[in-house]
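Student: Let me begin by handing over the structure; questions about it come next.
Numbering (my numbering), first residue to last: 65 to 326.
Given below as structure tokens:
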């Protein structure tokens with residue numbers, strides 16, 4: 065009995081060989097007015113591994129002259145070429161990987177002037193992009209009764225993939241915070257999946273209120289991905305106020321409203 069209690073709901077971290085891949089854009093599809101899916105291809109995709117829906121890869125973008133200058137990955141850390149401007153980098157979720165087709169999908173929120181949004185807005189077939197990782201994966205235990213997924217638009221790629229890979233016997237509740245009703249995506253649906261859209265243009269609604277109203281059945285894993293300070297606050301609420309086992313909660317800051325936030 066003791067052994068069963070130890071192994072039940074045991075998530076596992078796995079490491080992957082860190083590899084840099086030079087890929088090209090195969091196609092570009094707009095999912096919503098502000099979400100764009102870019103499919104990448106290339107021989108370097110051989111051996112690519114992404115074992116968890118919330119994995120992240122490091123994307124390296126071309127610099128102003130169009131060249132791609134990513135680092136070399138060494139035991140001492142990343143080393144950039146001398147005498148060149150290093151490629152800017154951002155973390156993104158592998159939305160879909162199809163080894164047979166040789167395709168990797170990355171979904172981009174088009175939200176500003178940063179290097180990722182700027183590149184994604186102009187991306188065309190044949191454009192070059194560097195992809196590093198994933199470095200590792202958190203394999204969340206597949207024996208929970210319910211999975212609660214809370215996130216804003218930046219979390220939708222991970223949420224969408226997770227719903228597609230959900231264990232056959234599990235239930236899922238999604239609280240998705242979007243800026244406007246037009247940002248709703250077509251997510252996997254079934255009687256076991258409950259998706260609740262919270263609209264930023266409707267002030268009466270909030271993620272916090274929706275979360276407080278939840279009483280999921282059975283043992284539940286809680287996954288949160290949103291702005292950094294908000295993610296910490298939601299984790300604090302779940303662990304400290306509701307008394308949920310901290311190992312049953314994962315809260316990640318996907319972006320920062322305040323660049324000085326540590």
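Beta carbons are placed, not taken as given, at the ideal position from N, Cα and C, and that holds for glycine. If you're wondering where the values come from, they're calculated on a predicted model, not measured in any experiment.
Consult DSSP for residue 314 and reduce its assignment to one of helix, strand or coil.
Tutor: Strand.
Student: Would you call the segment 130-148 and the segment 208-215 touching, i.e. three or more CB-CB distances under 8 Å?
Tutor: Contact between the segment 130-148 and the segment 208-215 is absent, because fewer than three Cβ pairs lie under 8 Å.
Student: Alpha carbon to alpha carbon, how far is residue 224 from residue 251? Give it in angstroms, no decimals.
Tutor: 6 Å
Student: Starting from the C-beta of residue 132, find all residues in its chain whose C-beta is less than 7 Å away, skip the five residues before and the five after it, and write them out in chain order.
Tutor: 86, 124, 126, 151, 192 and 194
Student: Mind checking residue 114: buried by the 16 CB within 10 Å criterion, or exposed?
Tutor: buried
Student: Given this structure, state the Cα-to-Cα distance separating residue 302 from residue 91, to the nearest angstrom.
Tutor: For residue 302 and residue 91, the distance between alpha carbons rounds to 40 Å.
Student: Can you list, in chain order, the residues of its chain whose CB lies under 6 Å from that of residue 166, leaving out five sequence neighbours each side?
Tutor: 105 and 109
Student: Taking 7 Å as the limit between beta carbons, can you name the residues of its chain near residue 82, skipping five residues before and five after?
Tutor: 137, 196, 197 and 199
Student: In terms of alpha-carbon separation, which member of 293, 213 and 288 lies closest to residue 260?
Tutor: 213
Student: Give the range of the beta strand (DSSP E) segment to which residue 242 is assigned.
Tutor: 235-242
Student: Return the first residue and the last residue of the beta strand (DSSP E) that residue 90 is part of.
Tutor: 84-96
Student: How is residue 288 classed by DSSP in three states: helix, strand or coil?
Tutor: Judged by DSSP in its simplified three-state form, residue 288 adopts strand.
Student: So, for residue 282: in the same chain, excluding its five sequence neighbours on each side, which residues have a beta-carbon less than 6 Å away from its beta-carbon?
Tutor: 209 and 210
Student: Please classify residue 294 as buried or exposed, where buried requires at least 16 neighbouring CB atoms within 10 angstroms.
Tutor: The residue in question, residue 294, is buried, as its Cβ has 16 or more Cβ neighbours within 10 Å.
Student: Mind reading off the beta-carbon distance from residue 290 to residue 219? Whole number of angstroms is fine, and I expect it under 8 Å.
Tutor: Contact check for residue 290 and residue 219: beta-carbon distance about 6 Å, within the 8 Å limit, so the pair qualifies.
Student: I think residue 102 touches residue 187, with their Cβ atoms under 8 Å apart; what is that distance to the nearest whole Å?
Tutor: 6 Å
Student: Tell me the rounded alpha-carbon separation between residue 222 and residue 149.
Tutor: 31 Å
Student: Measure from the alpha carbon of residue 229 to the alpha carbon of each residue in 254, 147 and 107, then state which is nearest.
Tutor: Measuring from the Cα of residue 229, the nearest candidate turns out to be 254.
Student: Applying the 10 Å Cβ sphere with the 16-neighbour rule, what's the burial state of residue 10?
Tutor: The structure shown has nothing for residue 10, since the chain only spans 65 to 326.
Student: Within the continuous beta strand (DSSP E) that includes residue 142, where are the two ends?
Tutor: 141-143
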